[in-house]
Amino acid sequence: MTIDTNELAALRPDMTRFAYLLLRDSHAVEDVVQATMLTAIEKQDGFKNNSSLKTWLFTILRNKTIDSLRRGKREVSIADLSGNDDDDLEEVLFNQNGSWNQEAKPSAWGNPEVSFEQSEFWVVFNACLHNLPEKTSRVFMMREFLEFEVDDICKELSLTASNCWVTLHRARAKLRLCLDTNWFSGQGFEASGR
Amino acid sequence: MLSCKEANRLMSQELDRKLSWGENLGLKFHVSLCDSCANARQQMSFVRSACKHIFALDEKSDQ
Ligand SMILES: [Zn+2]
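Just so you know, the sequences run in chain order V and F.
Its first residue numbered 528, the first sequence is counted upward by one per residue in the numbering used here.
Its first residue numbered 4, the second sequence is counted upward by one per residue in the numbering used here.
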């Protein structure tokens, strides 16, 4: 099956955004996206109509991004990564006894999966992802999108295991809060109908 | 009993590693009694399923 090159070009901004969240280096991102598009064109016989072009393309992009992370080892970024993005989130959420602060108590989201059908939800979700601090975002994306095991993330980024756990927890807590504020308790979710 | 803060750490870690028998029991017990933590746990696993869904949705809307 032949790929529509217009369709391929249309997916470029999405690929660039995705790669940027992980690599944070516009040259590396450009290389990875370029290599993905070339591979896609070269290997288009391998593309089967039963998966979407985007899914197929992102599988290639995912592998190219992993290669780039491994190859580059990104000395610069690793230095940046040693600092914590912020450590006081737990202090905002919990009191000294480790119980929820009144205003931080998570409310019920009902049946949140219905939001997957709303394109507005994905705009909010992407914005929340982009709002994560750099180190937090990198660790989270490696875990959830590249599906690295935590041990491998630690190794790749020279982080201690406990630092990795804390960072992943922080990412999830921040995303949860961001979705709550901007979608589930706001207009978006109401308008889309529960 | 685990504090809410400890329960929250475990509910994130259960997405990344297999909890020990004791941790698992402690977490299950806590969320069975604490609605706020039960909500937090549902929200964290929703964040994961959103990540898995992010490309699948476009498949639908493309058609
Ligand atoms: Zn609790």
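Even for Gly, the Cβ is constructed at its ideal location relative to N, Cα and C.
From a predicted model like this one, the values you see are computed outputs, not experimental measurements.
Ends of the alpha helix (DSSP H) at residue i?
i	result
V641 (chain V)	It is not in any alpha helix (DSSP H) - V641 (chain V) carries neither H nor E in the DSSP assignment.
M669 (chain V)	661-671
F621 (chain V)	Run containing F621 (chain V): none; DSSP gives neither H nor E here.
S685 (chain V)	Premise fails: S685 (chain V) is in no alpha helix (DSSP H) and is neither H nor E.
K31 (chain F)	24-36
N11 (chain F)	7-16
Q561 (chain V)	553-569
P540 (chain V)	539-550
If we ignore side chains and look at the alpha-carbon of each, how far apart do residue i and residue j end up?
i	j	result
N673 (chain V)	L36 (chain F)	This sequence places Leu at residue 673 (chain V); Asn is not what is there. Taking the straight line joining both Cα atoms gives about 35 angstroms.
M14 (chain F)	Q45 (chain F)	9 angstroms
K31 (chain F)	R544 (chain V)	38 angstroms
F5 (chain F)	M542 (chain V)	Reading off the sequence, residue 5 (chain F) comes out as Leu, not Phe. Approximately 42 angstroms between the Cα atoms of the pair.
S23 (chain F)	C655 (chain V)	32 angstroms
R51 (chain F)	S642 (chain V)	14 angstroms
T586 (chain V)	F574 (chain V)	11 angstroms
A43 (chain F)	R703 (chain V)	8 angstroms
L706 (chain V)	A562 (chain V)	34 angstroms
C7 (chain F)	S626 (chain V)	5 angstroms
Q623 (chain V)	E26 (chain F)	22 angstroms
A536 (chain V)	E9 (chain F)	47 angstroms
S48 (chain F)	D19 (chain F)	11 angstroms
W695 (chain V)	A567 (chain V)	Reading the sequence as shown, one finds Leu at residue 695 (chain V) and not Trp. Roughly 32 angstroms between the two C-alpha positions.
K591 (chain V)	R697 (chain V)	27 angstroms
P639 (chain V)	A688 (chain V)	31 angstroms
For a contact meaning CB atoms closer than 9 angstroms, what does residue i contact in chain V?
i	result
F32 (chain F)	Per Cβ cutoff of 9 angstroms: no residues; F32 (chain F) is ~15 angstroms from chain V at best.
S23 (chain F)	Neighbours of S23 (chain F) on chain V: none; closest Cβ ~14 angstroms, over 9 angstroms.
N42 (chain F)	K632, P633, S634, A635, W636
Taking C-beta pairs closer than 7 angstroms, name the residues in chain F that residue i reaches, listed in chain order.
i	result
S712 (chain V)	In chain order: nothing, as chain F lies at least about 12 angstroms away.
G625 (chain V)	S6, C7, K8, E9
F672 (chain V)	C54
Just the chain V side, please: which residues come within less than 8 angstroms of residue i by C-beta, in chain order?
i	result
S39 (chain F)	W627, K632, P633
Name the chain F residues whose beta carbon is nearer than 8 angstroms to that of residue i?
i	result
H696 (chain V)	N11, R12, S15, Q16
Any residue whose CB is nearer than 6 angstroms to a heavy atom belonging to ligand 1, listed in chain order: The filter returns F:C7, F:A10, F:H33, F:C37, F:S39, F:C40, in chain order.
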